[in-house]
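Visitor: Take this structure, written in structure tokens, and hold onto it; I'll ask about it next.
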Amino acid sequence: MTPDFKHSPVAVAQQLLGWTLLVDGVGGVIVETEAYDVDDAASHSFKGPTARNGTMFGPPGRAYVYLSYGLHWCLNFVCREKGHGAAVLLRALEPTHGMDVMSERRRTTQPRLLASGPGRIGQALGINKALDGLALDRPPFELLVPTKAVEIASGARIGITKAAELRWRFGVAGSPFLSRRFD
DNA sequence: CTTTCGATGATCT
DNA sequence: GATCATCGAAAGG
Numbered sequence: 039m040t041p042d043f044k045h046s047p048v049a050v051a052q053q054l055l056g057w058t059l060l061v062d063g064v065g066g067v068i069v070e071t072e073a074y075d076v077d078d079a080a081s082h083s084f085k086g087p088t089a090r091n092g093t094m095f096g097p098p099g100r101a102y103v104y105l106s107y108g109l110h111w112c113l114n115f116v117c118r119e120k121g122h123g124a125a126v127l128l129r130a131l132e133p134t135h136g137m138d139v140m141s142e143r144r145r146t147t148q149p150r151l152l153a154s155g156p157g158r159i160g161q162a163l164g165i166n167k168a169l170d171g172l173a174l175d176r177p178p179f180e181l182l183v184p185t186k187a188v189e190i191a192s193g194a195r196i197g198i199t200k201a202a203e204l205r206w207r208f209g210v211a212g213s214p215f216l217s218r219r220f221d
């Protein structure tokens, strides 16, 4: 069973909460996401296809990886349909698999600091440009179905200046592994 | 608790 | 040349 990526990024962002994401067996439960769409001024896809965002305009169910601020690799899941330009940014995981590997990569043993933030996920899971465009239902990726229902909180997206009024950030209410609290 | 700031480099104008 | 979907350390209340 895999998530259904052929929906709006807002729907997919909520649907993904509670799924477990692994890269080469390392990862945890998705507890925070953000939606980005093509008519959304904050989205990389807003101005149409470019060299960087090409994967966002490819088929859904693939990884879109980009380098943020010159040093942080961030992971997105492409959604909607081929050519559309929508994706969901993974913002925080609750670490469950391969804690030792993540601790080594992150240079901390505090579970809270392993993967609570998009750049931290990238470092903890070993994300890099080589993963850009790869399908999410095949190795090194693995997605495990949620075991429990989750209560969803929403709020404004973090770190953007355009389309800041949209409340397209979603998270598992009350999770201690969020990158920030919801208001 | 909060705010500020440097690191660091690809991308786009 | 400016911007940027970030992080961590440092400084201030």
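Each residue of the first sequence is one higher than the one before, starting from 39 at the first, in this note's numbering.
By construction, the Cβ of each residue, glycine as well, lies at the ideal position given by its N, Cα and C atoms.
In chain order, what residues of the same chain have a beta carbon less than 7 Å from the beta carbon of L113, not counting five sequence neighbours either side?
Guide: Correct list, in chain order: A101, V103, L128, I159, G160, I165.
Visitor: Helix, strand or coil: how does DSSP classify A168 here?
Guide: Helix at A168.
Visitor: Would the beta-carbon of G99 fall within 8 Å of that of V116?
Guide: In contact: G99 and V116 (Cβ atoms closer than 8 Å).
Visitor: Exposed or buried, which one is R195 when buried takes at least 16 other CB atoms within 10 Å?
Guide: By the neighbour-count rule (16 or more Cβ atoms within 10 Å), R195 is buried.
Visitor: Nearest-angstrom Cα distance between N70 and K85?
Guide: It is Glu, not Asn, that sits at residue 70 in the sequence shown. Their Cα atoms are separated by approximately 26 Å.
Visitor: Using the DSSP secondary-structure output, state which residues sit across from Y102 in a beta bridge.
Guide: According to DSSP, Y102 bridges with N114.
Visitor: K44 and E119 look like a contact to me (Cβ under 8 Å); what is the Cβ gap, rounded to whole Å?
Guide: 6 Å between Cβ atoms; contact.
Visitor: With a 10 Å radius around its C-beta and 16 neighbouring C-beta atoms as the bar for buried, classify Q53 as buried or exposed.
Guide: Buried: at least 16 other Cβ atoms inside 10 Å.
Visitor: Taking all protein chains shown into account, decide if G209 is buried (16 or more other Cβ within 10 angstroms of its Cβ) or exposed.
Guide: Burial call: buried.
Visitor: Tell me the rounded alpha-carbon separation between G123 and L174.
Guide: C-alpha separation (whole angstroms): 17 Å.
Visitor: With a threshold of 6 Å on Cβ separation, who are the neighbours of S141 within its own chain once the five nearest residues in sequence on each side are excluded?
Guide: Excluding sequence neighbours, S141 sits near T147.
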